[in-house]
Amino acid sequence: MNTPRRVEHQLTDKGYVPVYTTAVVEQPWGDYTATDHEVWATLFKRQREILPGRASKEFLAQQEVMGMSADRIPKFDDLNPVLRKATGWELIGVEGLLPELTFFEHLANRRFPVTWWIRKPDQLDYLSEPDLFHDLFGHVPLLMNPVFADYMAAYGRGGVKAHGIGPEALVNLTRLYWYTVEFGLIKEDDGLRIYGSGIVSSKSESIHCLESKAPNRIGFDLERIMRTRYRIDTFQKTYFVIDSYEQLMEATGPDFTPIYERLGQVDSFPAGSVQPGDQVFNRGTGEGWLDDGDV
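Each step along the sequence shown adds one to the number in numbering that gives the first Met the number 0, with nothing skipped, and position 21 is 20.
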């Protein structure tokens, strides 16, 4: 079998430009180098040292159930039987970033795309795109939770629908994914905890999101989130806090079409704003915030 391509963003004079691919590939596990496994081990150990007391109990527990460890890069073929039995999801290998509609269709059919390649040793602390560590370590454990798994499938179906409605609807829906699946916090009995994959796969943001005074931490509100811009180049200015995974699932119940229509008549919110009516867990100091760059 030929090794699949490693499709990465391209660096240009205007910064990194996304490059998309639709191919579904077999994980070339036998082609991983000793360096690849070492990068996985380094990142895995580092995150597992700092996440207890910071990550949600469900995330940590399900990662244990799946049998992920620092020993080696996990095989998708080993994880899939466990995942299918728990929630009907399966992992598929991809070469890099997927076009939106392709991504939504996979989620809607309970297929989670995992980039087959892992970052290089000089990229341990930052990568501008998803790689195997982000996808597998950060996203997959919560797919073992039936409620969160249902939320992800519902999001995929909603994405297919939004894609047919138009670009503004997609903007609103993308913000929901960003502030929940990627950068969400959850309120547990002993305090705020992390469940978003973009945080649990990042050492620095795992600490910053809970312990820094700079960001806002605000209670979950569907339309508030769908109006809020975000950052792709630095720590988030605002994190939204859910009460439970059931809250996420319930939020996907209504038809979003009238929501998109309402949001089309109003302005979006800056990433760091606090609005009247917000449930504020922490009003950020704004220390270190950049004045531009909200998406």
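Glycine residues also receive a C-beta, built at the ideal position from the N, C-alpha and C atoms.
Counting along the chain, no alpha helix (DSSP H) covers Lys-236, and no H or E run does either. For Ile-49, the CB contacts under 8 Å within the same chain, skipping 5 residues up- and downstream, are Lys-202, Ser-205 and Ile-206 in chain order. Nearest in C-alpha terms to Ser-272, of all of Met-65, Tyr-229 and Thr-179, is Tyr-229. Listed in chain order, the non-local C-beta contacts of Cys-208 below 6 Å within the same chain comprise Ile-198 and Tyr-238, local neighbours out to five positions each way being set aside.
With respect to Ile-117, Asp-30 sits apart: the two C-beta atoms are not nearer than 7 Å. Given a length threshold of 3 residues, each whole run of the beta strand (DSSP E) inside the segment 135 to 221 is given here in chain order: 184 to 187, 190 to 193 and 215 to 218.
Counting along the chain, Phe-103 sits inside no beta strand (DSSP E); it lies in the alpha helix (DSSP H) bounded by residues 99 to 107. When secondary structure is reduced to three states using DSSP, Leu-10 falls in the strand class.
Each of Asp-76, Arg-53 and Glu-63 was checked against the Cα of Val-24, and the nearest Cα belongs to Asp-76.
Residue environment analysis places Glu-245 among the exposed positions, since fewer than 16 neighbouring C-beta atoms fall within 10 angstroms of its C-beta.
Under DSSP, Thr-227 takes part in a beta bridge, and its partners are Phe-268. Non-local beta-carbon contacts of Ile-72 in its own chain, meaning distances under 6 Å to residues more than five positions away in sequence, involve Tyr-31, His-36 and Trp-39 in chain order.
When C-beta atoms of the segment 262 to 282 are compared with those of the segment 214 to 233, three or more pairs fall below 8 Å, so the two segments count as touching.
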